[in-house]
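Asks: With numbering that gives the first Met the number 0 applied, the sequence shown covers 0 to 462.
Every residue, glycine too, gets a C-beta built ideally from N, C-alpha and C.
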Amino acid sequence: MIFENATILTMNPKREIIERGAVVVDGKLIAAIGKTQEIVARYPQLPRINCNGNLLLPGLIDTHVHLAQCILRGYTDDKQYEFLEWLTGRIFPILGNMTPEDGLASASLCVLEMIKSGTTGFIEVLLAEHYGFDGIAEMIEKAGIRAALGKIVMDMDPAIRDQIGIHPNMWEPRQVCIQNTLKMFDRWNKAADGRIQVWFGARTAGEWNRPDMYDEISQLARERNMGITIHFAETPEDVAYAKSQGFRSPTEFGMAHGILGPRTVLAHYIHSDEEDWKLLVETGTTVSHNPGSNQREPWGPPPVARMLKAGVNVSMGCDAAVANNAMDMVRDLRVALHATRIFENNKAAMSPETALELATLNGAKAMGIEDEVGSIEPGKHADFILIDLDKPHLQPVWNPVATLVLSALGSDVDTVVVDGKIIMQGRKVLTMDEEAILADIRERKARLAKKAGIEMHLQWPVI
Ligand SMILES: [Zn+2]
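1. Measuring CA to CA, which of P391, T430, K13 and A365 is closest to F121?
2. Between which residues of its own chain and I440 is the CB-CB distance below 6 Å, once the five residues before and five after are set aside?
3. Mind pulling the beta strand (DSSP E) runs of 3 or more residues that sit fully within the stretch 365 to 431?
4. Among I341, V321 and P167, which one has its Cα closest to the Cα of G73?
5. In this structure, how does DSSP classify H150 when only helix, strand and coil are distinguished?
6. If distances are taken between C-alpha atoms only, which option among K27, H63 and R14 comes closest to N468?
7. Note down the Cα distance separating E442 from W298, rounded to an integer number of angstroms.
8. Taking all protein chains shown into account, decide if I462 is buried (16 or more other Cβ within 10 angstroms of its Cβ) or exposed.
9. Excluding the 5 residues preceding and the 5 following S217 in the sequence, name in chain order all residues of the same chain whose CB lies nearer than 8 Å to its CB.
10. Would you kindly check if the distance between the Cβ of C176 and the Cβ of E128 is under 8 Å?
11. Taking 8 Å as the threshold (C-beta atoms), are G367 and R262 in contact?
12. Buried or exposed: A158, going by 16 or more other Cβ atoms within 10 Å of its Cβ?
13. On the premise that H230 lies in contact with P249, defined as a C-beta separation below 8 Å, what is that separation, rounded to the nearest angstrom?
14. Considering just the uninterrupted stretch of the beta strand (DSSP E) at S217, what are its terminal residues?
15. Taking 8 Å as the threshold (C-beta atoms), are R223 and F184 in contact?
16. Cβ of A266 within 7 Å of any heavy atom in ligand 1?
17. Would you be able to state if there are at least three C-beta pairs under 8 Å between the stretch 348 to 367 and the stretch 400 to 420?
18. Can you tell me whether DSSP reads D331 as helix, strand or coil?
19. Given a cut-off of 8 Å, decide if I422 and G143 are closer than it, judged by their beta-carbon atoms.
20. Note the first and the last residue of the continuous alpha helix (DSSP H) segment covering F91.
21. Taking 7 Å as the cut-off, is the beta-carbon of A319 closer than that to any non-hydrogen atom of ligand 1?
22. Within 10 angstroms of its Cβ, does D354 collect 16 or more other Cβ (buried), or is it exposed?
23. I'd like to know if the stretch 184 to 204 and the stretch 146 to 164 are in contact, where contact means that at least 3 CB-CB pairs between them fall below 8 Å.
24. Within 7 Å: the Cβ of V334 and any heavy atom of ligand 1?
25. Using 8 Å as the Cβ pair cut-off and three pairs as the minimum, do the stretch 406 to 420 and the stretch 385 to 398 touch?
26. Can you name the start and end residues of the alpha helix (DSSP H) that I139 belongs to?
27. Looking at C-beta atoms only, is the number of pairs between the stretch 10 to 30 and the stretch 68 to 87 that lie closer than 8 Å three or more?
28. Given 7 Å as the limit, tell me if H63 has its C-beta closer than that to any heavy atom belonging to ligand 1.
29. What is the rounded straight-line gap between the Cα of A319 and the Cα of R41?
30. Give every residue of the same chain whose Cβ lies closer than 7 Å to the Cβ of R330, excluding the five residues on either side of it in the sequence, and list them in chain order.
31. If you draw a straight line from the C-alpha of K308 to the C-alpha of E296, how long is it?
32. What is the DSSP secondary structure of E233, reduced to helix, strand or coil?
33. In this structure, does DSSP put S314 in helix, strand or coil?
34. State buried or exposed for G316, treating a residue as buried only when at least 16 other CB atoms are found within 10 Å of its CB.
35. Does ligand 1 have a heavy atom nearer than 7 Å to the CB of V124?
So, in structure tokens, the structure goes:
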């Protein structure tokens, strides 16, 4: 199959942009790439899809996702909550009441939304036992997207659980959750033709988690070349905890407990400095920058431009729909750009090109699949998206990267290809039943709210 007449953002080492370009897909792989005229002459027998001058680029990779929280989109936007009040008082009562069917419904909505906005691979950070791991993995297998599923692991003293008031279903005993993660690893890692990975999704250090658990999981992960992802150095409490343990910073705590490494993704990572970044570079640790949710918290975004300059692999994530409202990586390219420019008070602090690198090449590295995806090059897997440029808000195009990063939205994604298979075409997702997923989530949201005893108090009267 040839995808012809596209403007291709290759993201290859030279970052070439090919006008009137074509991509040859052979099975799962990209067989060739070049000017349409030459490619068609070389492969006259192959069927062709005309991209009509639209933008073709690597699929976006979201390195921080909470599948189960999509059902909570817009649920806590009424006021500024104190972090613990928000999590244990508002979020956990609903998450704790979820059944595997609810977990699957929320995850299906999340995956559907990600595909429709051009995400072809993602890292889930905290998949709890009662969300139903098998059901979610089966759905992902059918949907055709790539995923690293972080299965939740924790080691919280039940007395602290009860003192904080954490919903009992949000708690799992240490050995049970570690063993279940390894069971899921044996069952699902490299499943779906290699599209699914199973990682440790570790709870944050502090009173939430006894520190020696990290020594255990990092050892288990290393033995299996398994990934670890964790919310890290996110809040001022995380810094205070690291200091209370005798460390200069959360990063040094992470280094001492084996958390850092080439298969680790640290989400948010707000509180750090040059000394910490040296450790990340030395160990090959990746950061997931979450600009959409960070800008809603009082501590703001991390110094991304400086981390990049120091050589840290910074990727990008949308976080949860309850914290960022949309799992739209195209929209968040712009948010990342603005967050960095405002943080540094300097327009040159991040270019649209850099923002796109975060969401493609750096995301692929975060997932440990940089040899397979992240750019459009012969021999790599055919994971790419097409952006429909034939729209008033996207014309005229002076610089296609700027158009993508600063003007486009996820809803401008027309076609999504993963592993050579078209999973969305003309905005219709071919691997999922969109109508059924939307009908199901509406009904489940109402039932779940009732079960959890949640009442919404809107500012304006609902009549
Ligand atoms: Zn998160």
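Replies: Here's the rundown:
1. For the purposes of this step, residue 121 is taken as residue 122 along the sequence shown, with counting starting at 1. Checking every option, the nearest Cα to that of F121 belongs to A365.
2. For the purposes of this step, residue 440 is taken as the residue at position 441 of the sequence shown. So the qualifying residues of the chain are A104 and L108.
3. 383 to 386, 412 to 417 and 420 to 424
4. By one-based count along the sequence shown, residue 73 stands at place 74. Ranking the options by Cα distance to G73, first place goes to V321.
5. Here the question's residue 150 lines up with position 151 in the sequence shown. The sequence given here places Lys at residue 150; His does not occur at that position. The answer is strand: DSSP assigns K150 an E or B state.
6. The displayed coordinates of the chain run from 0 to 462. Any statement about residue 468 would go beyond what the structure contains.
7. Along the sequence shown, read from residue 1 onward, the residue named residue 442 stands at position 443. Along the sequence shown, read from residue 1 onward, the residue named residue 298 stands at position 299. So the alpha carbons of these two residues sit roughly 36 Å apart.
8. The count along the sequence shown starts at 1 and reaches residue 462 at position 463. Answer is exposed; the Cβ neighbour count stays below 16.
9. Here residue 217 is taken as the residue at index 218 of the sequence shown, counted from 1. Within the same chain, S217 has close Cβ partners I227, H256, G257, I258 and G260.
10. On the sequence shown, residue 128 is found 129 positions in, with the first residue counted as 1. On the sequence shown, residue 176 is found 177 positions in, with the first residue counted as 1. Against a cut-off of 8 Å, the Cβ pair of C176 and E128 comes out as a contact.
11. Taking the first residue of the sequence shown as 1, we reach residue 262 at position 263. Taking the first residue of the sequence shown as 1, we reach residue 367 at position 368. Result yes, Cβ atoms of R262 and G367 sit closer than 8 Å.
12. Position 159 of the sequence shown, counting from 1, holds the residue named residue 158. A158 is exposed by the Cβ-count criterion.
13. One-based indexing of the sequence shown puts residue 249 at position 250. One-based indexing of the sequence shown puts residue 230 at position 231. The Cβ separation is near 10 Å, so there is no contact.
14. Position 218 of the sequence shown, counting from 1, holds the residue named residue 217. Premise fails: S217 lies in the alpha helix (DSSP H), D211 to R223, not in any beta strand (DSSP E).
15. Stepping through the sequence shown from its first residue, residue 184 is reached at position 185. Stepping through the sequence shown from its first residue, residue 223 is reached at position 224. Result yes, Cβ atoms of F184 and R223 sit closer than 8 Å.
16. As a position in the sequence shown, residue 266 is number 267, starting the count at 1. At least one heavy atom of ligand 1 is nearer than 7 Å to the Cβ of A266, so yes.
17. yes
18. For this step, residue 331 is matched to residue 332 along the sequence shown. Note: D331 maps to helix in three-state DSSP.
19. Numbered from its first residue, the sequence shown carries residue 143 at position 144. Numbered from its first residue, the sequence shown carries residue 422 at position 423. Yes, they are a contact pair.
20. On the sequence shown, residue 91 is found 92 positions in, with the first residue counted as 1. Here the alpha helix (DSSP H) through F91 covers F91 to G95.
21. Indexing the sequence shown from 1 puts residue 319 at position 320. Answer for A319: yes, Cβ within range of ligand 1.
22. Taking the sequence shown and counting its residues from 1, the one referred to as residue 354 is at position 355. Note that residue 354 is Ala in the sequence shown here, rather than Asp. Answer is buried; the Cβ neighbour count reaches 16.
23. yes
24. Position 335 of the sequence shown, counting from 1, holds the residue named residue 334. No, Cβ of V334 sits at least 7 Å from all heavy atoms of ligand 1.
25. yes
26. Looking up residue 139 in the sequence shown gives position 140. Its alpha helix (DSSP H) spans residues F132 to A142.
27. no
28. The count along the sequence shown starts at 1 and reaches residue 63 at position 64. At least one heavy atom of ligand 1 is nearer than 7 Å to the Cβ of H63, so yes.
29. Reading the sequence shown from its first residue, position 320 is the one you call residue 319. Reading the sequence shown from its first residue, position 42 is the one you call residue 41. One C-alpha to the other measures close to 46 Å.
30. Along the sequence shown, one-based indexing puts residue 330 at 331. Contacts found: L408 and G409.
31. Indexing the sequence shown from 1 puts residue 308 at position 309. Indexing the sequence shown from 1 puts residue 296 at position 297. For K308 and E296, the distance between alpha carbons rounds to 25 Å.
32. In the sequence shown, the residue the question calls residue 233 occupies position 234. Three-state DSSP puts E233 in coil, outside helix and strand.
33. The residue you call residue 314 lines up with position 315 of the sequence shown. Strand at S314.
34. Here residue 316 refers to the residue found at position 317 when the sequence shown is read from its first residue. Under this definition G316 is a buried residue.
35. As a working mapping, residue 124 is identified with position 125 in the sequence shown. Under cutoff, so the answer is yes.
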